[in-house]
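Quick note, the sequence shown lines up with residues 22 to 237 if you use the working numbering. Just so you know, even glycine gets a beta-carbon here, dropped at the ideal spot from N, CA and C.
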Amino acid sequence: MSDDGVDLDGRRLRTRRSREALSRAAFDLLAERGLGAVAVEDVAVRAGVTRRTFSRHFASIEEAILGDVDQDVHLLNEALCRRPAGESPLVAYRNSVHDWLVAEYSGSRAARLARRWALFQRFEDEPELFAGYQRIRIDGQRESVRIIAARLGVDPLTDPRPAAAVGAGAGMLLAALQTWAAGSDPMGLAALVEEFFDTLVTLTTEFRNEESPSCL
22 MSDDGVDLDG
32 RRLRTRRSRE
42 ALSRAAFDLL
52 AERGLGAVAV
62 EDVAVRAGVT
72 RRTFSRHFAS
82 IEEAILGDVD
92 QDVHLLNEAL
102 CRRPAGESPL
112 VAYRNSVHDW
122 LVAEYSGSRA
132 ARLARRWALF
142 QRFEDEPELF
152 AGYQRIRIDG
162 QRESVRIIAA
172 RLGVDPLTDP
182 RPAAAVGAGA
192 GMLLAALQTW
202 AAGSDPMGLA
212 ALVEEFFDTL
222 VTLTTEFRNE
232 ESPSCL
């Protein structure tokens with residue numbers, strides 16, 4: 022790799038670490054004080070950076086708290102881009118979720134999952150955060166649709182397969198996340214994801230084996 026490439030990778034790593042530090046600081050302050058009592062200056066001081074550095078990464082406290090979630094969405098879509106071309110769209114989506122969870126939340130990084138679980142549990146009490154999460158999730162799904170459409174070489178506006186695959190896959194992931202956040206096991210997300218995707222396979226098989234109702 023060239024010196025320029027090494028420098029670029031180094032900058033990306035520093036940028037990611039800075040964002041992660043700000044997100045951690047913002048979440049810690051949220052847990053201590055509640056969203057309404059957290060100021061940008063507080064987050065910057067807790068993270069050991071300037072307000073200007075905060076503003077380079079985030080436009081609001083909510084964005085900072087959700088920064089790791091936004092990063093997760095991008096990492097999931099990067100994993101989807103890397104799946105083998107021969108995989109069907111829904112299988113590729115399922116496997117990308119698995120790849121993302123293994124890369125980001127297993128081994129030495131497993132403790133990060135408990136923080137994400139605690140954040141998801143705050144959504145019910147902090148509607149601004151939940152609204153921000155919904156925007157991130159929807160934007161991520163749109164990008165997933167574009168990735169699947171490119172894999173298939175189709176226009177997602179005229180071919181329903183990309184949106185259908187992402188709708189099913191993202192729906193299973195969302196259902197697993199909601200069940201996980203409502204439960205008591207911070208480390209149980211991966212098992213729930215597998216359970217929900219397996220259930221989708223069962224339901225799809227049952228659907229195919231039954232006669233569809235006649236159209237009126």
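Let me know the secondary structure DSSP gives residue i once reduced to three states.
i      : result
Phe79  : coil
Gly204 : coil
Glu227 : helix
Phe48  : helix
Asp219 : helix
Gly88  : helix
Pro181 : coil
Arg54  : helix
What are the start and end residues of the alpha helix (DSSP H) that includes residue i?
i      : result
Glu125 : 110-126
Gly161 : 148-173
Phe141 : 133-143
Asp63  : 61-68
Report the rounded CA-to-CA distance for residue i versus residue j, giving the unit in angstroms.
i      : j      : result
Ala197 : Gly31  : 35 angstroms
Leu240 : Asp180 : Since the first residue shown for the chain is 22 and the last is 237, residue 240 is missing from the structure and cannot be characterised.
Thr36  : Ala100 : 20 angstroms
Arg136 : Gln162 : 23 angstroms
Ala124 : Ala52  : 26 angstroms
Could you name the residues of the same chain whose beta carbon sits closer than 7 angstroms to that of residue i, not counting the 5 residues immediately before and after it, in chain order?
i      : result
Leu111 : Ala186, Ala189, Gly190
Glu83  : Glu149, Leu150, Gly153
Arg115 : Gly190, Phe218
Please work out which residues of its chain come closer than 8 angstroms, Cβ to Cβ, to residue i, disregarding the five sequence neighbours upstream and downstream, and give them in chain order.
i     : result
Gly69 : Ala42
Val90 : Arg137, Leu140, Tyr154, Ile157
Gly88 : Arg40, Glu41, Leu43, Ser44, Ala47, His78, Phe79
Using a 10 Å radius around the Cβ and a threshold of 16 neighbouring Cβ atoms, would you call residue i buried or exposed?
i      : result
Met22  : Because Met22 carries a pLDDT of 46, less than 50, the predicted location of this residue cannot be relied on, and the following value inherits that uncertainty. Met22 should be labelled exposed.
Met208 : exposed
Leu134 : buried
Val222 : exposed
Ser205 : exposed
Phe228 : exposed
Pro105 : exposed
Leu20  : Outside the displayed span of the chain (22 to 237) sits residue 20, for which this structure offers no information.
Residues in the same chain with beta-carbon distance under 6 angstroms from residue i, minus the five sequence neighbours each way, listed in chain order, please.
i      : result
Leu213 : Ala197, Thr200, Trp201
Glu231 : none
Pro183 : Val166, Ile169, Ala170, Pro177
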